[in-house]
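Take the position in the sequence shown, starting the count at 1, then add 106; the result is the number in this note's numbering. Note that beta-carbon positions come from the ideal geometry of N, C-alpha and C, so glycine has one too.
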Amino acid sequence: FFGEERDIEFQSDSRGHVEFPRFSIKDQISVDVSAPGYSKEQKWLSAKSTDDSVFRLSRTGTITGRVTLTDAGELPDGLRILLEMISDRRVREYVPAEQDGSFSYDHCKPGPYKLSADSSTEEGRKLICCSDCQVEVKAGQTVNAIIEMEKGISVSGTMIDAATGKPLEDREYAYVRTAEGRTQSAYSQIKEDGSWELFLPEGDHRIIYRCRGMNLQKDFKRIKVEKGKPITDLVIKVGVEGG
107 FFGEERDIEF QSDSRGHVEF PRFSIKDQIS VDVSAPGYSK EQKWLSAKST DDSVFRLSRT
167 GTITGRVTLT DAGELPDGLR ILLEMISDRR VREYVPAEQD GSFSYDHCKP GPYKLSADSS
227 TEEGRKLICC SDCQVEVKAG QTVNAIIEME KGISVSGTMI DAATGKPLED REYAYVRTAE
287 GRTQSAYSQI KEDGSWELFL PEGDHRIIYR CRGMNLQKDF KRIKVEKGKP ITDLVIKVGV
347 EGG
């Protein structure tokens, strides 16, 4: 019925009432409601749903800011900001940054937020946030934040097949990453020669990996990363317990 159309916009009347006339009684729809100066709310609705269909929007605040580099150089393309509410981790929003690193988001529920930045480009993945950036958002107010980034410390190695001693033939699903969580993890695909490289902040890190045929990620090893001391020649042997 909808063809390729997936996102449809509806307007409420003066009383805030919205109807969805194009849907069948069998449909289940995800409804996102937003209004200037108010938080965004999402619910799944269907004819059989017992969920409350009233959206209660609360007044919001605004976070504006800029991403800067501590070293000389240009910011990477595709830079985005993750706004994560500390008191409610379900409240997470990615906001694209402008070319000069500036960003703004005006649908923030009041409360404490942690901010971080990343870019999936080759140059962008070498950058890390220098330190935690946290702000307190209040309703009807604007708070400014500065996110500082720098080049991470290189940790590199190879991934080989333990049976042949050669790089994996099938690298489509192969990767190496750290296990600090969604907002702090570093990630590297495996190149044709089996090499991989992560860029990490100082501290202790747990490295994990995965490739085709593995149902779960596996632990490789724990390492301690120190400023000015890149780590090289780490070898992950696929097919050996613990790498």
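Item, Value
"Outcome for residue 135 when other beta-carbon atoms lying within 10 angstroms are tallied against a minimum of 16", "exposed"
"Top-ranked residue by Cα proximity to residue 196, from 214, 181, 292", "214"
"Reduced DSSP category for residue 195 - H, G, I as helix; E, B as strand; rest coil", "coil"
"Limits of the unbroken beta strand (DSSP E) element including residue 305", "301-306"
"Residue 202 at chain D interface by Cβ criterion, 7 Å", "Here there is only one protein chain, and chain D is not present."
"Whether residue 259 touches residue 239 by CB criterion (7 Å)", "no"
"Per-residue DSSP class, three states only, for residue 257", "strand"
"Residues that residue 250 bridges to, as DSSP identifies them", "170"
"Delimiting residues of the beta strand (DSSP E) encompassing residue 212", "208-214"
"Terminal residues of the beta strand (DSSP E) in which residue 382 lies", "Outside the shown range of the chain (107 to 349) lies residue 382, about which nothing can therefore be said."
"Own chain residues within Cβ distance below 6 Å of residue 334, not counting five before or after", "none"
"Contact under 7 Å by Cβ, residue 167 with residue 191", "no"
"Top-ranked residue by Cα proximity to residue 222, from 165, 293, 173", "173"
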